[in-house]
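The block underneath contains the structure these notes are about, expressed in structure tokens.
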Amino acid sequence: MDIDLITNILYATVRTGTPLILVALGEMVCEKSGVLNLGQEGMLLMGAVVGFMAAVTTGSLFVAVLLAIVAGILMSLLFGFLSITLVSNQVATGLALTIFGAGLSAFLGSSYVGVGITGIEPMSIPLLSEIPIIGKIFFQQDPLVYLSFILFGLVFWIFKSSQIGLKIRAVGENPEAANAMGINVHKVRYLAVIFGGAMTGLAGGYLSLAYTPLWAEGMSAGRGWIALALVVFASWKAERIMLGAYLFGAFSIMHLVMQGLGFEVAPNLLAMLPYIATIVVLVLLSSDHMKTKLSAPMSLGVPYRPQV
Amino acid sequence: MFNVSLKLEKRPSDSQTMSFLSPLLAILLTLICGGILFALLGHDPLEALYTFFISPLSDAYGWAELGIKVAPLLLCATGLMMCFKAKIWNIGAEGQFIMGGLGGSWAALQFMDASSSWVLVPIMLTGMASGLAWAAITAYLKTHFKANEILTTIMLNYIAVNALLWAVHGPLKDPQGFNFPESALFVDTTLLPLINEDYRLNISIFFGLFAVVAVWTLMSRTWVGYQIQVLGEDAKAARYAGFKENQLTWFALLTCGALAGLAGVSEVTGPIGQLIPSISPGYGYAAIIVVFLGRMNPIGLVFASMLLALTYMGGEMVQMEMALPKSLTGLFQGMLLFFLLACDLLISYRVVLVKKMLDKKVSPSATVDAA
Amino acid sequence: MNTLKTTTGNKMKSLKTLVTALTLSATVMAQAADNVKVGFVYVGPTGDAGWTYSHDEARKYVVDQLGDKVETSYVESVAEGADAERVIRNLAAKGHDLIFTTSFGYMNPTLKVAKRFPKVKFEHATGYKQSKNVGTYMARAYQARYLTGLVAGKMTKSNVIGYVASFPIPEVIRGINAFTKGVREVNPDATVKVVWVSTWYDPAKEREAAETLILQKADVLTQHTDSAAVIQTAEAKGKYAIGYHSDMSAYGSTAHLTSAVHDWRPIYLAKTKAVLNDNWTKEDLWYGIKEGVTDIAPLNDAIPADVKAMVLAKKAALKAGTIRVFDGPVKDQSGAIKVKKGASLNDGDLKGFGWYVEGVEGKLPKS
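From first to last, the protein sequence lines stand for chains A, B and C. In the working numbering, each number is its position in the first sequence, counted from 1, plus 3. In the working numbering, each number is its position in the second sequence, counted from 1, plus 46. In the working numbering, each number is its position in the third sequence, counted from 1, plus 1.
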């Protein structure tokens, strides 16, 4: 294993982790407001198919990314309407959204299978990309990866030191009290849900426009679920999401690299690596009991209706 | 002059009538919307709806098939019901199912020379034990390390999938099977007894029905069940009252693991008859939907299982009979679920028409004077 | 009395025979003239541009060729497992005369249903069990693999060729071996590195595997997975790639050298016609280049003309039967000669392929 190989593995890790980060950050904001949206797979696929269709139709990758985001927003609005306004059970509604989104995306995309496009190309950042090793890993990526860094910064800042973050957290911890303080609980939740949808739509667009520029049914292959798990892994902290996503990504790559290096472990066992690693790291991180328990928003998953 | 708007008003107590009416309303709405959807795509809406909902059950075979799909859903949903009542978010029924099938298959393959069906007892028990052991990992991590079960169960699901692949490609592969990743076919004595020779329905449906009754009785009539409910509703109160949260967590998770494991071993010793790379079309996840659709009560769980099973079968039918694309069935299923969940609102809330006077310039005294 | 009974008995017997004969001939005539309902069970979506896509293209061809003599229906993404049996059974129960089950995992469900529906004919793809009304069929994709191996061997500069593989089942191993044999024949210094992704279909994972192989110096890639991600990766990284299932040049016109493709049309048409004409028999078909079921996609112009000529000549030879892919000498990884010069592997050996030929790097996974 030389330094070059390691650098390249980490480069691939950042790419692999990007869709996970985007979805997880979005879902984190959503969950911080108390809403549990299990519909990530469906929204991811919708973002991917709409983005791809737009790219093929308009020829503009920029428009495609925008429309992918819009698709995610629309799907999340559907979820929001059902679970916030109509107070439906969030777990079941999210699962229904996954089924719905998978079906709708397959339906819309059926005539786009077998179509190839030039995807989003890597764009080196001048100067920063010259830095040895780090430059290659972080600054020779494509624009959406850079966007993920920015969005991470945004979400981190929101919850570290902003009014919005406080409001979202208040709503998530105790919606009745937040309402009493004059916060419009529904509005905050809707915005959080929409943010989650936008992020997931973007992630879907990343898959079909940058990572593997094609459309194929079910191409997200479970990444929505991994991202959901990562939010929990991260104890609802943005920086831990980065850690978790890259950790998972790294081990996914290692599953493949180790084979090439001659490790004679059965491939099906090697494929378990990322999942085992995530559990192990979670256990190690959870040794601080109190902090972990308090991290889950108290009202997560509980529908709320203001007492009129 | 007047601003009329619809407002949702909480009912003083849940409406019993709406409990029955809301699913019917939901189905009606789905039929209408689904009909429109099918019509827009150029298919006869009535035919499509008939093919989706009625066709699968138009013969005895269809009912038998419904039964063998209901059994695993019911078993998993029953276990999940207990976990969810305790607010233990066990997303791992899928992995527990798979491990049950894996362990049970190993056991079945030990009895290739068995001459009596009593070997099914150790086989079933092995399956249950495997599912239970898998859930035990989650319980251990939760009670000893406060590791959140949503994460651990999702990860364990994937690990289970890979364990199954490893087993069928490796140790449990049929040596006479031309290196196909499948186990040998189980012998007759290691297969679950059929209820009727002509159909695939076997005794697993009884496992399911028995489980839902047993667990519900446990939840509603025993001390353990009571503790679990309190733990779910108010963890602080439960601790204050001295309930042992850890023990209850273990109990709920192990029960669910055992039931999901039983579903898994029933699947491999039932309709499949061997171990293959994929033994669950997502029963563990679908069961989660069943729990909430069924509102966590036994009758609801049975009906919700039946409905969900029917939608899978209906999806196959419309493809076969009407050349409707498969993607449409996912759409339709999602839509049905949306309506069911939305209409449930009407059980706890009332839709009320509210009139508000817009004209604020008229003062009360002026009105009185005018009158 | 006895004589009377016997005479009446005989008369009854003759009457019965006459009626039976008339009915039979009427049925035969009716069957030969009637139309045929053909059902298809797919393991993936028709839009996968891969395995299922190739089967559905053949189905459409049959409809095209036979017009209103044939009616087809299909069910997509049928999970292998308990559901498969129900789908197959319902197709049989709903009047289909011929049913194609297009994945190896459908083998036992197909046999079970076939027992209950003796009048329906079943064709199972890639299986190894037949019965009175169940035939099997498979494509000699390994012939195309061999030809693409020749191309890869000639086009590689780094002498490392990457293979993104799904699961270590005989079909995949056969493909790897045939490919590697082709590579080594024209380039004894090249090696083939295999990465197992443990899935048939996950574009992102396939891409990651392709990138891993490129990291390990591979400059020509190929795959036994279902999406075009490998081709795309090669295109993006300036390497070459060889596709599988269908012509994947749309995904990377510079990178795509050729693909090993299937064409199920000859089999589907022949079997449908057989049922139409009531002369279907159970067979264990293994068709290849000769019968038009296996082929390679058009060769990229980046390939030098002499290489193209060589490959096409080999293809013609395979077609004519003058050479066979695994003609000896064939050595395994340890250098031991498994097939002597002048001999060749027979179909039985090929079906249960459980070892690697020389030139493949790494140990064959046993699980």
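Ideal Cβ placement from N, Cα and C applies to all residues, glycine included. Quick caveat, the model's predicted, so the values are computed rather than measured.
Is M275 (chain A) close to chain B? Criterion is C-beta to C-beta, closer than 8 Å.
For M275 (chain A), the answer is yes, since a Cβ of chain B falls inside 8 Å of its Cβ.
- Starting from K188 (chain B), follow the alpha helix (DSSP H) in both directions and report where the run begins and ends. L166 to F191
Excluding the 5 residues preceding and the 5 following F155 (chain A) in the sequence, name in chain order all residues of the same chain whose CB lies nearer than 7 Å to its CB. I24, L28, A241 and M245
Please list, in chain order, the chain C residues whose beta carbon lies closer than 7 Å to that of P317 (chain B). A83 and E86
- Assign M139 (chain C) to one of three DSSP states: helix, strand, or coil. strand
Leaving aside the five residues before and after H215 (chain B) along the sequence, list all residues of the same chain whose C-beta is less than 7 Å from its C-beta, in chain order.
Once the five neighbours on either side are set aside, the close Cβ partners of H215 (chain B) are P227.
Requested in this report: Measure the C-alpha to C-alpha separation of P353 (chain B) and V116 (chain B) and round it to an integer number of angstroms.
Outcome: Per the sequence shown, residue 353 (chain B) should be read as Leu rather than Pro. Rounded to whole angstroms, L353 (chain B) to V116 (chain B) spans 9 Å at the Cα level.
If you scan the segment 89 to 151 of chain C from start to end, which runs of the alpha helix (DSSP H) of 4 or more residues do you find wholly inside it?
108 to 117
Original post:
Which one of B:F98, B:N343, B:L67 and B:L112 has the shortest CA to CA distance from G81 (chain B)?
Top reply: B:F98
C-beta atoms of A205 (chain C) and T223 (chain C) nearer than 8 Å:
No; because the gap between Cβ atoms is not below 8 Å, this pair is not in contact.
### Query
The alpha helix (DSSP H) spanning H56 (chain C) covers which residue range?
W52 to L67
Pairwise C-alpha distance: A210 (chain C) and L259 (chain A): 6 Å
task: Measuring alpha carbon to alpha carbon, tell me which of C:I304, C:T157 and C:F101 ends up nearest S254 (chain C).
output: C:I304
**Q.** Residue-level contact to chain C via CB, L212 (chain A), 8 Å cutoff
**A.** no
Range of the contiguous alpha helix (DSSP H) that encloses T281 (chain A):
L276 to L288
Where G207 (chain A) and A287 (chain B) are concerned, what is the direct C-alpha to C-alpha distance, given to the nearest angstrom? 48 Å
Exercise. Figure out for me which residue from C:V135, C:D248, C:E207 and C:H225 has the closest Cα to the Cα of L300 (chain C).
Key: C:D248
Query raised in the report: How close, in whole Å, do the beta carbons of E207 (chain C) and T226 (chain C) come, if the pair is a contact with beta carbons under 8 Å?
Result: 5 Å
Assuming E72 (chain C) is part of the beta strand (DSSP E), what are its boundary residues? V71 to V76
field: Residue-chain proximity (A269 (chain A), chain C), Cβ-Cβ < 8 Å
entry: yes
Query raised in the report: Identify the residues that DSSP records as bridge partners of I134 (chain B): which are they?
Result: Beta-bridge partners assigned by DSSP to I134 (chain B): none are found.
Inset, instruction - Grab the span of the alpha helix (DSSP H) containing F41 (chain C) for me, first residue to last. - result: F41 (chain C) -> not in any alpha helix (DSSP H); beta strand (DSSP E) instead, spanning V37 to V42.
Roughly how many whole angstroms lie between the Cα atoms of W265 (chain C) and E284 (chain C)? 15 Å
Query raised in the report: When Cβ atoms are compared, which residues of the segment 371 to 397 of chain B fall closer than 8 Å to chain E?
Result: The chain inventory of the structure shown lacks chain E, comprising the protein chains A, B and C.
Check your understanding: Which parts of the segment 283 to 343 of chain C are runs of the beta strand (DSSP E), unbroken and 3 residues or longer, counting only runs that do not cross its ends?
Key -> Correct list: 285 to 288, 295 to 297 and 338 to 340.
Anticipated Cβ contact below 8 Å, Y272 (chain B) with K56 (chain B), distance rounded: About 27 Å separates the two Cβ atoms, so there is no contact after all.
Discussion item. I'd like to know whether the C-beta of S228 (chain C) is nearer than 8 Å to at least one C-beta of chain A.
Written reply: yes
*Looking at the structure shown, is V195 (chain C) part of a helix, part of a strand, or coil, going by DSSP?*
strand
**OP:** Please decide whether G176 (chain C) counts as near chain A, where near means a Cβ-Cβ distance under 8 Å.
**Re:** no
Q. Which of helix, strand or coil does DSSP assign to L23 (chain A)?
A. helix
Exercise. Could you list which residues in chain A have their beta carbon closer than 9 Å to that of I134 (chain B), in chain order?
Key: The premise fails here: I134 (chain B) is roughly 12 Å from chain A at the closest Cβ pair, so nothing lies under 9 Å.
(request) Report yes or no: is there a C-beta of chain B within less than 8 Å of the C-beta of P299 (chain C)? (result) no
* Tell me, please, which residues DSSP counts as bridged to K53 (chain B). => B:V398
Per DSSP, which residues does N248 (chain B) bridge with? Please list them. N248 (chain B) is bridged to B:L240.
| message | For Y54 (chain C) and P216 (chain A), what's the separation of their Cα atoms in angstroms? | response | In a straight line, the C-alpha of Y54 (chain C) is about 19 Å away from that of P216 (chain A).
ask   = Residues in its own chain within less than 8 Å of T171 (chain A) by CB, not counting five upstream and five downstream?
value = Contrary to the premise, residue 171 (chain A) reads as Ile rather than Thr in this sequence. So the list reads V32, K35, S36, I161, F162, V191 and A195, once near-sequence residues are dropped.
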